[in-house]
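Notes for the one structure printed next.
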Amino acid sequence: MGNVLTIILKRLALGLLTLLIVSVVIFVAVNLLPGDFAEAILGQGATPEAVASIRRDLGLDQPLVTRYFDWLGGALQGDLGSSFAQANFASFTGTTSGATTVAEQIAPRFGNTMFLAMVTAAIAVPFSIVLGILAALYRNTVFDRATNIFTLSSISSPEFFLAYILILFLAVLNPIFPSLSNIFDGMPFSERLEKSMLPALTLTLVVTAHMMRMTRAAIINLLASPYIEMARLKGLSPMRVIVRHALPNALAPIINVIALNLAYLITGVVVVEVVFVYPGIGQLFVDSVKIRDIPVVQACCLIFATAFILLNLTADIMSILSNPRLRHPK
Amino acid sequence: MSDQPLVKMRGVKLEGRSDEVWSPIINGVDLTLARGEVLGLIGESGAGKSTLGLAAMGYTRDGVRISEGTVEFDGIDLLKASAATKRELLGKRIAYVAQSAAASFNPAHKLMDQHVEGPVQHHVMSRAESEADGIELYRKLRLPNPEQIGFRYPHQVSGGQLQRCMTAMAMSCRPDLIIFDEPTTALDVTTQIEVLASIRDIVEQFNTAAIYITHDLAVVAQMADRIKVLLKGDEVETADTRTMLSAPTQEYTKSLWAVRSFERPKKPAVQTGAVPVVSVQSVDAAYGTVPVLHDVSFDMHEGRTVAVVGESGSGKSTTARCITGLLPPKAGQIMVDGQVMPADYRKRSKDQLRQVQMIYQMADTALNPRMSIGQIIARPVQFYLGLTGAAKRKKVDKLLEQIELEPTQYYNRLPSELSGGQKQRIGIARALAAEPKFIICDEVTSALDQLVAEGILRLLARLQDELALSYMFITHDLATVKAIADEVVVMKDGRVVEQGLKDEMFTPPHHPYTDLLLSSVPEMDPDWLNNLLAERGVDNIGDAAVNKM
Numbered sequence: 001m002g003n004v005l006t007i008i009l010k011r012l013a014l015g016l017l018t019l020l021i022v023s024v025v026i027f028v029a030v031n032l033l034p035g036d037f038a039e040a041i042l043g044q045g046a047t048p049e050a051v052a053s054i055r056r057d058l059g060l061d062q063p064l065v066t067r068y069f070d071w072l073g074g075a076l077q078g079d080l081g082s083s084f085a086q087a088n089f090a091s092f093t094g095t096t097s098g099a100t101t102v103a104e105q106i107a108p109r110f111g112n113t114m115f116l117a118m119v120t121a122a123i124a125v126p127f128s129i130v131l132g133i134l135a136a137l138y139r140n141t142v143f144d145r146a147t148n149i150f151t152l153s154s155i156s157s158p159e160f161f162l163a164y165i166l167i168l169f170l171a172v173l174n175p176i177f178p179s180l181s182n183i184f185d186g187m188p189f190s191e192r193l194e195k196s197m198l199p200a201l202t203l204t205l206v207v208t209a210h211m212m213r214m215t216r217a218a219i220i221n222l223l224a225s226p227y228i229e230m231a232r233l234k235g236l237s238p239m240r241v242i243v244r245h246a247l248p249n250a251l252a253p254i255i256n257v258i259a260l261n262l263a264y265l266i267t268g269v270v271v272v273e274v275v276f277v278y279p280g281i282g283q284l285f286v287d288s289v290k291i292r293d294i295p296v297v298q299a300c301c302l303i304f305a306t307a308f309i310l311l312n313l314t315a316d317i318m319s320i321l322s323n324p325r326l327r328h329p330k
Numbered sequence: 331m332s333d334q335p336l337v338k339m340r341g342v343k344l345e346g347r348s349d350e351v352w353s354p355i356i357n358g359v360d361l362t363l364a365r366g367e368v369l370g371l372i373g374e375s376g377a378g379k380s381t382l383g384l385a386a387m388g389y390t391r392d393g394v395r396i397s398e399g400t401v402e403f404d405g406i407d408l409l410k411a412s413a414a415t416k417r418e419l420l421g422k423r424i425a426y427v428a429q430s431a432a433a434s435f436n437p438a439h440k441l442m443d444q445h446v447e448g449p450v451q452h453h454v455m456s457r458a459e460s461e462a463d464g465i466e467l468y469r470k471l472r473l474p475n476p477e478q479i480g481f482r483y484p485h486q487v488s489g490g491q492l493q494r495c496m497t498a499m500a501m502s503c504r505p506d507l508i509i510f511d512e513p514t515t516a517l518d519v520t521t522q523i524e525v526l527a528s529i530r531d532i533v534e535q536f537n538t539a540a541i542y543i544t545h546d547l548a549v550v551a552q553m554a555d556r557i558k559v560l561l562k563g564d565e566v567e568t569a570d571t572r573t574m575l576s577a578p579t580q581e582y583t584k585s586l587w588a589v590r591s592f593e594r595p596k597k598p599a600v601q602t603g604a605v606p607v608v609s610v611q612s613v614d615a616a617y618g619t620v621p622v623l624h625d626v627s628f629d630m631h632e633g634r635t636v637a638v639v640g641e642s643g644s645g646k647s648t649t650a651r652c653i654t655g656l657l658p659p660k661a662g663q664i665m666v667d668g669q670v671m672p673a674d675y676r677k678r679s680k681d682q683l684r685q686v687q688m689i690y691q692m693a694d695t696a697l698n699p700r701m702s703i704g705q706i707i708a709r710p711v712q713f714y715l716g717l718t719g720a721a722k723r724k725k726v727d728k729l730l731e732q733i734e735l736e737p738t739q740y741y742n743r744l745p746s747e748l749s750g751g752q753k754q755r756i757g758i759a760r761a762l763a764a765e766p767k768f769i770i771c772d773e774v775t776s777a778l779d780q781l782v783a784e785g786i787l788r789l790l791a792r793l794q795d796e797l798a799l800s801y802m803f804i805t806h807d808l809a810t811v812k813a814i815a816d817e818v819v820v821m822k823d824g825r826v827v828e829q830g831l832k833d834e835m836f837t838p839p840h841h842p843y844t845d846l847l848l849s850s851v852p853e854m855d856p857d858w859l860n861n862l863l864a865e866r867g868v869d870n871i872g873d874a875a876v877n878k879m
């Protein structure tokens, strides 16, 4: 086990380094956006004095490097700063929530996003893997082709289109699930789940194709190997050959694709959130970019980057653990 | 028990598909196997032995089909039987032992889990019964630590042991028939013996019928009651083992028997004080922190062949990597023509690199599949000799003539259009292109059939005479050593255990390890294994004997 631990620690250190680099990229990129918060808030009638005054108040007049290290220092201590918009200019932006720090503002939204991601993952991951196994088992049959066509068409359609189709069939024609997902704090779990169902199903359709096709391909890739031939020559059923003999050796690529899709569920669901009015982090992110609320944008980016890195790290570690040579050294 | 044969194949034709065209692999072969009988199936690669062996199980690989004929197992027509009926037979009454146990055990599961799978899935035994039986079989097969070995993963067990575990797995349901598909080809000679002895014992003990597929005549002589010889999908002849060995009727069979006759004349001794072409001096080497070579020293002289022999893992190829500079030694040095070579090939000059060339075991992977033969050979011609245009073409043509391939015919072909032996010849031409003094031949004939291999050995011998080349010949095949070596270096566990002239090495007294290696090479005599076992005792063969060294 010693060498596995070393590998994991190395990956972890590498992950932290990546995060640091990403934070620099985020900071520079956000500051490359044309205009800043002061200009965005004051609009066309801004006098140079007013703009300069707001910049001074928010520290926007400091050099980039100073601002980066101030921000990094805060972030390392868990302080992501205060939202420009919420701190002093709530009246300008029309928002009235009491949250002033970035953390307070993001926390509930992030919780909602995680909830939706988990509900989706709970449906999509088992669904795709089972579908992938069945497609591998019945490869080149009508079932296999139908599955491929279905998943490929759903991944090729725009998300909002899938969302409206689901609303049409599952909310309008057959009112099974609500079409609006306006969840809020303190809502009972069952109601939360029911309201999240349509966005979760939409996202499931989006991520299934990738995972299912990788499962199918990774399994079929192994079917020519000598140990699969041996399993067949032992007179095992085709299902057992695939599930017991091919799948455990196909896990590494499948796990990686799952991680990639889970990361997408956390970072890339703005459109679905908008369609279902779901109060997730994606909407907050887009709104903040619009008004150049830089602390919020940076915090969101950092969360997305962390999610990506953590999930890929988990995938790496699980791939390593799925290899018996590393789990049980000689 | 009825009188009808266990396996009855009549007029079986098999076809293989390549590029959407079906071409014949087996052109109508009959095969009959009685209960408890062991049939040896021999032939060169491409003869269709494995395909026929699998067909006897009613199984074909993807891209292969049985186009005609009948296959009956104990009166059941396997070609008409449903998939479910065949699954009921496979594993339970017909079992298979594959060539590479390392590839044929599932890396994700423990050996015992794979062992009990057949009996449990076929409802022959409960898991607990099958586990107990497995341990008993491991003991019968003389595996070390039979109680524990089943609870390891395949990668934790050595090749010879794994091959015996696979035989145990094949035995798990006490089948009537086992197909052994080259079960010892991938093993070292000393390990091979114990696997052969184990397989033979257990097959006799349970009166199991077997089809034993191999290309090694000496092996099949030990194992089979009857031998069937195949050539390019046709049966050449069938006879019982002793008749076949003493009085083969067909020319092809006789030629197979006669292959090992090639031997080079003895060369005069090296003059004292002659500077060796290559001198390996006290070399230590390691992969990372794992030491591989310990104080390896030997010299190679002009126009002579030094055979480096030893089992897998003994450090033969690592020594070659040190000489070429691919693996800089931790200590010691490599001298060429009396000059110390930089340890790392990146620090060697073009001329220093030119002097040491290499020919590889797998010509398939050593030639760039997208380059034509002409391009492959022209590259070193241009790189080392600086020839271009017509001069380059002329040199390539000359090299092709030297390896006995017609330049106009082969210049524009791709490696995939060549046979295995021709590809190896291209590998030789590529090494010659640099006009080296010294060539390392790393198992250059071990992937080839005997007749083809002999052609390569004769070519190398001729080139040596013409060009005064020195060869370092890495091999584990002692027949090859006998054929072409002038001097022999025996390696074990990264050390040189014995070195000297070939005649000295092949005449007693030997170093005990050399003795073990020599006595482990199977001979054509059907009683060889019995005599050896009687002489050494069952507990003194294979790994056990090696470990006593």
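Protein chains in written order, with our numbering: chain A, 1 to 330; chain B, 331 to 879.
C-beta: ideal position from N, C-alpha, C; glycine also.
The beta carbon of Asn249/A sits closer than 8 Å to some beta carbon of chain B.
The beta carbons of Gly358/B and Lys343/B sit about 5 Å from each other, so the pair counts as a contact at 8 Å.
For the stretch 247-271 of chain A, the set of residues with a beta-carbon nearer than 8 Å to any beta-carbon of chain B comprises Pro248, Asn249, in chain order. Taking a C-beta cut-off of 7 Å against chain A, the contacting residues of the stretch 426-449 of chain B are Tyr426, Ala428, Ser430, Ala433, Ser434, Phe435, Asn436, Pro437, Ala438, Glu447, Gly448, listed in chain order. In this structure the stretch 449-459 of chain B lies against the stretch 228-245 of chain A, because at least three pairs of beta carbons, one per stretch, are closer than 8 Å. For the stretch 362-391 of chain B, residues whose beta-carbon sits nearer than 9 Å to a beta-carbon of chain A comprise Leu384, Met387, Tyr389, Arg391. In the three-state reduction of the DSSP assignment, Pro354/B falls in the strand class, which pools E and B. Residue range 539-544 is occupied by the beta strand (DSSP E) that includes Tyr542/B. Sequence-distant partners of Glu565/B (beyond 5 residues in either direction) whose C-beta falls short of 6 Å from its own C-beta, in its chain, are Val359.
The beta-bridge partner set that DSSP reports for Gly346/B consists of Ser353/B, Val394/B. Identification of residues in the stretch 214-244 of chain A having a C-beta nearer than 9 Å to some C-beta of chain B yields Leu223, Ala224, Ser225, Pro226, Tyr227, Ile228, Glu229, Met230, Ala231, Arg232, Leu233, Lys234, Gly235, Leu236, Ser237, Pro238, Arg240, Arg244, given in sequence order. Close to chain B, meaning a Cβ-Cβ distance shorter than 7 Å, are the following residues of the stretch 301-326 of chain A: Pro324, Arg325.
C-alpha of Ala693/B to C-alpha of Gln794/B: approximately 20 Å in a straight line. For His328/A, the neighbours in chain B by C-beta distance under 7 Å run, in chain order, Tyr483, Gln486. In the three-state reduction of the DSSP assignment, Cys503/B falls in the coil class.
Boundaries of the beta strand (DSSP E) around His624/B: 620-630. Inclusion of Gly633/B and Ala763/B in the CB contact set at 8 Å is not warranted, their separation being larger than that value. Annotation: Cβ neighbours of Gly421/B in chain A (cutoff 8 Å, chain order): Leu233, Lys234, Gly235, Leu236. From the listed residues Glu345/B, Glu853/B, Pro766/B, the smallest Cα separation to Met688/B is found for Pro766/B.
Rounded to whole angstroms, the gap between the alpha carbons of Lys338/B and Gly366/B is 14 Å.
Assignment of beta-bridge partners to Gln663/B by DSSP yields Gln611/B.
Taking 8 Å as the upper bound for CB-CB distance, Asp518/B and Ser430/B are not in contact here, some 14 Å apart. With its beta carbon less than 8 Å from one in chain A, His452/B belongs to the interface.
Just measuring C-alpha positions, the residue of Tyr138/A, Ala29/A, Ala307/A, Pro63/A sitting nearest Val241/A is Tyr138/A. When rounded, the separation of the alpha-carbon atoms in Val119/A and Gly268/A is 16 Å. Residue state for Leu265/A is assigned as helix, using DSSP reduced to three classes.
A Cβ-Cβ separation of about 21 Å leaves His624/B out of contact with Pro606/B under the 8 Å criterion. Neighbourhood of Glu418/B in chain A, by CB distance below 7 Å: Gly235, in chain order.
Assignment of beta-bridge partners to Glu567/B by DSSP yields Val559/B. Under DSSP, Ile770/B shares a beta bridge with Met688/B, Met802/B. Sorting Tyr227/A, Ile294/A, Arg327/A, Ala246/A by C-alpha distance to the C-alpha of Ala428/B places Tyr227/A at the top. Cβ-Cβ separation between Leu131/A and Thr147/A: approximately 6 Å, consistent with a contact (criterion under 8 Å).
Residue pairing from DSSP places Ser82/A in a beta bridge opposite Thr101/A. Within its own chain, the residues whose Cβ lies closer than 8 Å to the Cβ of Pro838/B, once the five positions on either side in sequence are excluded, are Asp845, listed in chain order.
Contact between the stretch 507-515 of chain B and the stretch 475-485 of chain B is not established, with fewer than three Cβ pairs separated by less than 8 Å. Between Tyr426/B and Ala500/B the beta-carbon gap is near 7 Å, inside 8 Å, which marks them as a contact.
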